[in-house]
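Trainee:
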Ligand code: ASP
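Residue numbers (the numbering used here): 490 to 1077.
See below:
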């Protein structure tokens, strides 16, 4: 037997037992005639003690152990003279009588401790060492707990976990596909799934009724902290359900997960908000509901003065930051710089301070008198001591999005985005289409298999921009954690939607003929959704990034720096695939 116990297991009640442990050397300390070794494995750390007076040879051997050596030790469990209350095994130590070095280790490139000295790149390059650290390992344990709970919950409710293929054709979810050349079909390519969307719908046609899959999805997008080229979804689909059934069941799942993992009980139903209200009040389709600061529109009360910026604006609105009237010139300049950043793109920021003495001081005092500003303050429901921050623009939605970014910035500055708090929200009634400037056509906002709202069907051909969809997103703390929709199950309606996004009948048939055919054979009404597993874990772990919730993530350039992927392939492989490369000089 390699070991009788793990390094996280022994307690004072085990005193007197002879045990064998195996693990990694965290630390070696010499104190007089005693040598102490912290032995670590996944479960914890146990102190080993080597007494020079009792066994000089063994003690010499222990002193020579290097960090991260793998050893096996047998000894007696003893009560420690100086206890360590910080670790569960801190009352005991093992008085070693046998030591076996199972493997040596080079000095690791960074310290394998909670506070490591390793930078991001180094940690990624030696990810297997990083994974030995508590912080990262705990996230993966949490991930395992979550997937276990999800499977348990869904299987108990008749969901069948079904695998769908990875080598498919492109599914139009809006991102670029990763493609895989087919050796047996020269010149032809598979695409890796952006999601199993159409396969899960076919499973509904097949009568599976309730499907789920914890599944890898692939999207060739520009990466950010919360994006990876390959990520995992909890993908679900149900037959004979409507939107409230799907929302109801998955809300129950989320509540179950939070109650079990975090001991947080959401007693009320989750808030639901239309997409239109989310944009109007928060300037985002994924509002962070941990704090208020909702928008107040003042477009119609700011006109007819000499301030042209407001006179010509289609939207003037702002937020009220409580108690911030004391902001200094420097603070206000910083906020102005923030909204002018290219990522935000506003032309400028107007502020109005509601001073404690009831007077107003604003950046537009030249154009508006105290009565004007008082009227604004009433709209904002502002009190003396508050600060109103106002943006304006010619495009309503763009201005709302800018104001939404300012709202989040203020939330951060005021410490209102506390990672230990959770504010869930369903955003519903998304527009069916959005205008794509680049291709000058409407695109499906969710995907083209989403059902338009019955009452908006009349506008499908005449005013696509007005059609709302039976689509819903689950948003937690300003993060889109899940999304789904009621699907089209009627062949004719599917054809109409394809047409609305500019697909000719021929194109629709060549791309999705098989789906349209399937819909001829008794497709049931169905609906579903998918959660981003990585994002869910990061939120449960209170992290901003999903990277440390994934065992082997890619960096921001989409590279795995440990195995150095992607990489060039041999000419012979290219020849076999009938591929010739045309890499621009600058990328070589
Ligand atoms: N396939 C969709 C997505 O990946 C989710 C869904 O509609 O179920 O966003």
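We put the beta carbon where it would ideally sit given N, CA and C, even for glycine.
1) Cβ-heavy atom distance between residue 973 and ligand 1 below 7 angstroms?
2) Fully enclosed by the stretch 899-967, which beta strand (DSSP E) runs are 3 residues long or longer?
3) Anyone know if the C-beta pair for residue 723 and residue 703 falls short of 8 angstroms?
4) Between which two residues does the beta strand (DSSP E) carrying residue 509 extend?
5) State the beta-bridge partners of residue 525 as determined by DSSP.
6) Sorry if obvious, but does the Cβ on residue 1017 come closer than 7 angstroms to a heavy atom of ligand 1?
7) Any beta-carbon of chain D closer than 8 angstroms to the one on residue 810?
8) Identify which residue in 866, 610 and 1036 has its Cα closest to the Cα of residue 1051.
9) Residue 561 and residue 591 look like a contact to me (Cβ under 8 angstroms); what is the Cβ gap, rounded to whole Å?
10) Would you check whether ligand 1 has a heavy atom nearer than 7 angstroms to the C-beta of residue 684?
11) Quick test of the definition: if touching needs 3 or more C-beta pairs under 8 angstroms, does the stretch 883-894 touch the stretch 867-874?
12) Could you tell me which residues DSSP puts in a beta bridge with residue 564?
13) Residue 832: beta carbon under 7 angstroms from a heavy atom of ligand 1?
14) So the alpha helix (DSSP H) residue 622 belongs to, where does it begin and stop?
15) Please determine whether the Cβ atom of residue 978 lies at a distance below 7 angstroms from any heavy atom of ligand 1.
16) Just to confirm, is the Cβ distance from residue 916 to residue 1075 under 8 angstroms?
17) Figure out for me which residue from 888, 830 and 587 has the closest Cα to the Cα of residue 511.
18) For ligand 1, I want to know if residue 765 counts as a neighbour, meaning its beta carbon is within less than 7 angstroms of at least one of the ligand's heavy atoms.
19) So, is residue 1067 buried or exposed, given that buried needs 16 or more other C-beta atoms within 10 angstroms?
20) Return the residue from the list 565, 903, 914 and 846 that minimises the CA-CA distance to residue 873.
21) Is it right to say residue 726 is buried, meaning 16 or more other beta carbons lie within 10 angstroms of its own, or is it exposed?
22) Could you tell me which of 1027, 1058, 1055 and 1071 sits nearest to residue 715, measuring between CA atoms?
23) Leaving out the 5 sequence neighbours to the left and right, which residues in its chain are closer than 6 angstroms to residue 893 when beta-carbon positions are compared?
24) Per DSSP, residue 762 is paired with what?
25) What is the DSSP secondary structure of residue 722, reduced to helix, strand or coil?
26) For the stretch 1003-1053, list the beta strand (DSSP E) runs that are entirely contained and at least 3 residues long, ordered along the chain.
27) Indicate whether residue 960 and residue 993 have their beta-carbon atoms separated by less than 8 angstroms.
28) Alpha carbon to alpha carbon, what distance is there between residue 605 and residue 989?
29) Mark residue 700 as exposed unless 16 or more other C-beta atoms lie within 10 angstroms of its C-beta, in which case mark it buried.
30) In the DSSP output, which residue or residues are listed as bridge partners for residue 530?
31) Taking only the alpha-carbon atoms, compute the straight-line gap between residue 941 and residue 840 and give it to the nearest angstrom.
32) Quick check: residue 625 and residue 500, are their CB atoms within less than 8 angstroms of each other?
33) Return the Cβ separation of residue 509 and residue 490 in integer angstroms, given the expectation that the two are a contact with Cβ distance under 8 angstroms.
34) Please find out if some non-hydrogen atom of ligand 1 comes closer than 7 angstroms to the beta-carbon of residue 717.
35) On the three-state DSSP scale, how would you describe residue 756?
36) Between the C-alpha atoms of residue 936 and residue 663, what's the straight-line distance to the nearest angstrom?
Mentor: Well, looking at it:
1) Result yes, Cβ under 7 angstroms from ligand 1.
2) Within the stretch 899-967, the complete beta strand (DSSP E) runs of at least 3 residues are 913-917, 922-925, 930-933 and 960-965.
3) The criterion of a C-beta distance shorter than 8 angstroms is satisfied by residue 723 and residue 703.
4) Residues 507-520.
5) Under the DSSP definition of a beta bridge, residue 525 partners with 518 and 538.
6) Result yes, Cβ under 7 angstroms from ligand 1.
7) Among the chains of the structure shown, chain D does not appear; only one protein chain is present.
8) The option with the nearest alpha carbon to residue 1051 is 610.
9) Separation of the CB atoms of residue 561 and residue 591 is rounded to 6 angstroms, and the pair is thereby assigned contact status at 8 angstroms.
10) Inclusion of residue 684 in the 7 angstroms shell around ligand 1 follows from its C-beta lying nearer than that to a non-hydrogen atom of the ligand.
11) They do not touch, by the three-pair rule.
12) Answer is 508 and 585, bridged to residue 564.
13) Look at residue 832: its beta carbon is at least 7 angstroms from all of the heavy atoms in ligand 1.
14) Note, residue 622: premise wrong, no alpha helix (DSSP H); not H, not E.
15) Residue 978 Cβ: outside cutoff for every heavy atom of ligand 1.
16) At least 8 angstroms separates the beta-carbon of residue 916 from that of residue 1075.
17) The closest CA to that of residue 511, considering only 888, 830 and 587, is found on 587.
18) Residue 765 Cβ: outside cutoff for every heavy atom of ligand 1.
19) It counts as exposed.
20) Relative to residue 873, the option among 565, 903, 914 and 846 whose CA is nearest is 846.
21) Here residue 726 is buried, its C-beta having at least 16 other C-beta atoms within 10 Å.
22) For residue 715, the nearest C-alpha among the options comes from 1027.
23) Correct list, in chain order: 771, 772 and 773.
24) Bridge partners of residue 762: 916.
25) In the structure shown, residue 722 sits in a strand (DSSP, three-state: E or B).
26) You should have 1015-1021.
27) Not in contact: residue 960 and residue 993 (Cβ atoms no closer than 8 angstroms).
28) One C-alpha to the other measures close to 54 angstroms.
29) Label assigned to residue 700: buried.
30) Residue 530 is bridged by DSSP to 533.
31) For residue 941 and residue 840, the distance between alpha carbons rounds to 41 angstroms.
32) No, they are not a contact pair.
33) Indeed they touch by this definition, with Cβ atoms about 7 angstroms apart.
34) Residue 717: no, Cβ never under 7 angstroms from ligand 1.
35) Residue 756 carries a coil assignment under DSSP once its states are collapsed to helix, strand and coil.
36) About 8 angstroms.
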